[in-house]
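Note sheet for the following structure.
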Amino acid sequence: MSALAQTLNNLGTGRVAAIIGVGIGLIAFFVFMTSRLGTPGGMVMLYGNLDPADSGQIAAKLESQQIPYELKAGGTQIFVPNEDAPRLRLSLNQEGLTGSGTIGYELFDDANALGTTSFVQRINQVRALEGELSRTIKSIDNVKNARVHIVLPQRELFSRDSKEPSASIVLKLSGRFSKAQVQAVQNLVASSVPGLTTARISIVDDKGNLLARGDASEGDGTATPADADELRNTYETRMAHTIEELIERSVGFGKVRAEVNADMDFDRIVTNSEIYDPNGQVVRSTQTVEEGANSTESDNASAITVADNLPNAQNEEIGGTGPTAASSSSRTEETVNFEISKTIKNHIRETGTINKLSVAVLVDGTYTTDADGNAIYEPRSEEELQQFGKLVRSTVGYDKKRGDIIEVVNLKFAIVEGAFAEEEIEPLFGLGKQDYFRVGEIIVLSVIAILVILMVVRPLLMRALEAIPTAAERELMAEKSAPALAGPAESALAAAAGAMPEEEEEDDTLINLAQIEGRVKASSLKKVGEIIDKHPEETVSIIRTWMFAEK
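If you count the sequence shown from 1, position 54 lands on 77 in our numbering, and the numbers rise without skipping.
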């Protein structure tokens with residue numbers, strides 16, 4: 024504490040006050056920066072991306088509680104004081120004002136089930152499911168807002184036919200949305216609704232672009248017009264890039280341009296055929312049936328007499344036997360079953376078949392330098408162009424039967440000067456214009472803070488913390504700087520000082536105390552101390568003289 028008090032005493036009242044003022048100003052500046060960076064004007068965003076209806080309800084609630092608020096971004100953002108934001112979010116969520124524009128299963132929290140019909144319950148169930156799916160989809164990257172519509176057809180009583188459910192989704196995007204993300208949204212919704220398939224889900228963005236069709240034919244492999252254009256453009260761009268990269272290895276970078284136009288057939292054809300081969304007969308089964316019959320007939324008729332009618336009469340054959348007839352028959356039946364060879368073919372021709380290719384390649388010539396240093400253009404030979412044409416034909420898969428056209432032309436490239444046309448820049452990392460302004464504001468404030476510290480605070484502190492001589496040292500230096508010393512004691516001290524080595528005297532002559540305004544080098548103070556230690560009596564005499572002189 025004594026050292027601190029001594030330091031403050033040496034600094035003086037003015038410099039201590041300056042240090043305290045700088046410290047208070049620095050603290051206030053950092054507090055301002057923290058509040059400025061954390062909240063715009065002490066206000067934080069309560070909810071963003073609000074629908075007008077939700078903004079009105081939340082604003083009315085804030086007005087009823089007499090809480091100040093600000094509307095920004097066309098009423099889609101509400102800002103409230105920083106200290107009230109957490110409490111307001113909790114209270115508004117309890118009342119169902121989530122700021123998301125959708126209502127989920129909290130719809131059933133305050134519902135009176137006893138007085139609700141089955142129709143209302145079914146509608147509320149669909150509404151709650153749509154709201155929950157909308158919230159889930161909005162959590163996906165590059166999706167600012169989502170709206171889901173689900174159709175759950177009710178099966179009629181005693182009806183055998185049942186309709187499949189369907190869904191439609193509208194997405195408000197903040198960046199590029201890939202095909203894989205579209206399929207992910209389809210599978211997400213299909214897994215959340217009973218009986219719903221991805222083929223019954225259509226997705227549209229806020230600009231009216233169809234991202235997924237959502238009809239029964241989507242799963243059959245047929246390409247939509249948007250898909251067809253994307254496939255065609257991808258193929259043409261890839262082939263053109265391949266041609267340019269190949270020929271640039273010979274003519275140099277930037278000296279060739281290629282354009283590919285592909286006539287593609289996106290019809291999906293399915294052919295089912297059954298082919299029977301008559302020469303490929305195979306005996307499958309054989310059945311043989313044989314039948315035979317033999318019969319003999321004879322005529323034994325004789326004359327009838329009275330004796331034949333007598334009892335116990337014996338019949339005797341008086342006459343001989345009559346004529347005899349014999350017959351026989353046989354039948355053989357054989358059934359042979361043949362298996363005929365059959366081939367079943369299911370031929371599916373997928374979409375994207377190339378009907379015709381048209382390729383145009385523009386090649387720059389060569390340049391030579393004349394004696395004056397000017398560039399002279401020279402066209403390429405016909406042999407070179409033919410070689411380039413062969414390379415292009417091999418690259419694109421040239422087919423003369425399709426009517427493909429390959430043209431390689433040598434022309435001088437024009438030198439384009441000036442800026443290129445500005446291209447539309449997609450949001451980086453999903454940041455909008457306001458976000459970029461916010462980042463720039465933070466950077467500017469940070470730079471200002473660093474400059475204030477380096478150019479204002481640091482010099483003040485360095486100047487305030489410099490060593491300050493004590494009062495005795497100042498008086499001693501003042502006497503030393505006088506042109507002559509009065510009295511014999513002063514002469515003795517001067518003589519003692521003259522007894523120092525010559526080198527030290529030369530060092531002392533370099534110090535001019537009158538010009539440095541009270542400051543003195545540490546080496547000079549050390550030398551004065553050495554003189555006092557060697558000549559204490561003369562030093563005491565000088566101090567006594569000063570004391571009597573002050574009186």
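Yeah, the Cβ is synthetic: ideal placement off N, Cα and C, and Gly gets one too. Computed from a predicted model, the values in this text were never measured in an experiment.
### Query
Taking C-beta to C-beta, are Ser189 and Arg178 nearer than 7 Å?
It is not a contact, given that the beta carbons lie outside the stated cut-off.
### Query
In the structure shown, what three-state DSSP assignment does Phe181 receive?
Looking at Phe181 - three-state DSSP - the assignment turns out to be coil, as it is neither helix nor strand.
#### Entry: For Ser141, the first and last residue of its enclosing alpha helix (DSSP H)
Per DSSP, Ser141 belongs to the alpha helix (DSSP H) from 141-161.
### Query
Is the region 289-296 touching the region 366-384 in the sense that three or more CB pairs, one from each, lie closer than 8 Å?
Segments in contact, yes.
### Message
As a quick exercise: from Val67, Ser78, Phe142, pick the residue whose alpha carbon is nearest that of Pro109.
### Response
Cα-wise, what sits closest to Pro109 is Val67.
### Message
Checking 7 Å against the spacing of the C-beta atoms, do Glu362 and Val305 come in under that value?
### Response
Taking 7 Å as the cut-off, the beta carbon of Glu362 is found closer than this to the beta carbon of Val305.
### Message
Let me check understanding here. Comparing Cα to Cα, which of Met485, Asn378, Asn317, Thr376 lies closest to Ser353?
### Response
Among Met485, Asn378, Asn317, Thr376, the Cα nearest to that of Ser353 is on Asn317.
### Alpha-carbon to alpha-carbon, Ile160 and Ser78
Separation of Ser78 and Ile160 (C-alpha to C-alpha, rounded to the nearest whole angstrom) is 21 Å.
### Query
For Glu405, which residues from the same chain have a beta carbon less than 8 Å from its beta carbon, with the 5 sequence-adjacent residues on both sides left out?
Counting only Cβ-Cβ distances below 8 Å, and skipping sequence neighbours, we find nothing.
### Query
By the 10 Å Cβ neighbour count, where 16 or more other Cβ atoms means buried, how is Ile473 classified, buried or exposed?
Residue burial annotation: Ile473 is exposed, with fewer than 16 other C-beta atoms found within 10 angstroms of its C-beta.
### Query
Given that a residue counts as buried once 16 or more other Cβ atoms are within 10 Å of its Cβ, and exposed if not, what is Tyr390?
The C-beta of Tyr390 has fewer than 16 other C-beta atoms within 10 Å across all chains shown, which makes the residue exposed.
### Query
Going by Cα to Cα distance, which pick from Asp288, Met287, Ile270 is closest to Arg280?
Closest by alpha carbon: Ile270.
### Query
Nearest-angstrom Cα distance between Ala263 and Gly303?
Each residue's Cα considered, the two are about 51 Å apart.
### Task
Report back the beta-carbon spacing between Phe411 and Val382 to the nearest angstrom; my notes put them in contact at under 8 Å.
Not really, about 11 Å apart at Cβ, beyond 8 Å.
### Message
I'd like the ranges of any alpha helix (DSSP H) spanning at least 4 consecutive residues and lying wholly in the region 358-440.
### Response
Positions of the alpha helix (DSSP H) runs, each at least 4 residues long and wholly inside the region 358-440, are given as 405-419 in order along the chain.
### Message
Using only the alpha-carbon positions, how far apart do Glu320 and Arg307 sit?
### Response
One Cα belongs to Glu320, the other to Arg307, and the distance between them is close to 45 Å.
### Task
Could you give the DSSP three-state label for Glu314: helix, strand or coil?
Of the three classes helix, strand and coil, the one that applies to Glu314 here is strand, per DSSP.
### Paired residues, beta bridge with Met66 - DSSP
Pro104.
### Message
Taking 7 Å as the limit between beta carbons, can you name the residues of its chain near Val563, skipping five residues before and five after?
### Response
Non-local beta-carbon contacts of Val563 in its own chain, meaning distances under 7 Å to residues more than five positions away in sequence, are absent.
### Asp387 burial status per 10 Å Cβ neighbour count (16 or more: buried)
In the assembly as shown, Asp387 is a buried residue. Its beta-carbon has 16 or more other beta-carbons within 10 Å.
### Query
Leaving out the 5 sequence neighbours to the left and right, which residues in its chain are closer than 7 Å to Val359 when beta-carbon positions are compared?
Excluding residues within five positions, the ones whose Cβ falls inside 7 Å are Val306, Thr309.
### Query
Near Tyr400, what residues of its chain come up, given a Cβ to Cβ distance below 7 Å and the 5 sequence neighbours on each side ignored?
Residues Gly388, Tyr390, Lys435 of the same chain have their beta carbon placed closer than 7 Å to that of Tyr400, with the five preceding and five following residues left out of the count.
#### Entry: Buried or exposed by the 16-neighbour rule on C-beta atoms within 10 Å, applied to Gln409
Label assigned to Gln409: exposed.
### Task
With Val208 as the anchor, note down where its alpha helix (DSSP H) starts and where it stops.
Val208 -> alpha helix (DSSP H) spans 202-215.
### Task
Keeping to the same chain, check which residues put their C-beta closer than 6 Å to that of Ile192; ignore five residues upstream and five downstream.
Cβ within range, chain order: Val171, Ile226.
### Message
Tell me the rounded alpha-carbon separation between Pro511 and Thr568.
### Response
Reliability fails at Pro511, whose pLDDT of 45 lies under 50, so the model's placement of it is uncertain and the value that follows must be treated cautiously. In a straight line, the C-alpha of Pro511 is about 10 Å away from that of Thr568.
### Message
So the candidates are Asp164, Val216, Thr220; which of them puts its Cα closest to the Cα of Ala203?
### Response
Looking from the CA of Ala203, the closest CA among Asp164, Val216, Thr220 belongs to Asp164.
### Query
Shortest alpha-carbon distance to Leu113 belongs to which of Leu69, Gly275, Lys230?
When only C-alpha atoms are compared, the closest one is Leu69.
### Message
Here's a check: name, in chain order, each residue in its chain whose Cβ is nearer than 7 Å to the Cβ of Asn168, leaving out the five neighbours to either side.
### Response
The beta carbon of Asn168 sits closer than 7 Å to those of Asn72, Lys161, Lys195, all from its chain and outside the five residues before and after it, given in chain order.
### Message
Relative to the C-alpha of Glu267, which candidate in Asn256, Asp252, Val283 has its C-alpha closest?
### Response
For Glu267, the nearest C-alpha among the options comes from Val283.
### Query
Under a Cβ-count criterion, where at least 16 other Cβ atoms within 10 Å of its own Cβ denotes burial, should Gly97 be classed as buried or exposed?
Gly97 is exposed by the Cβ-count criterion.
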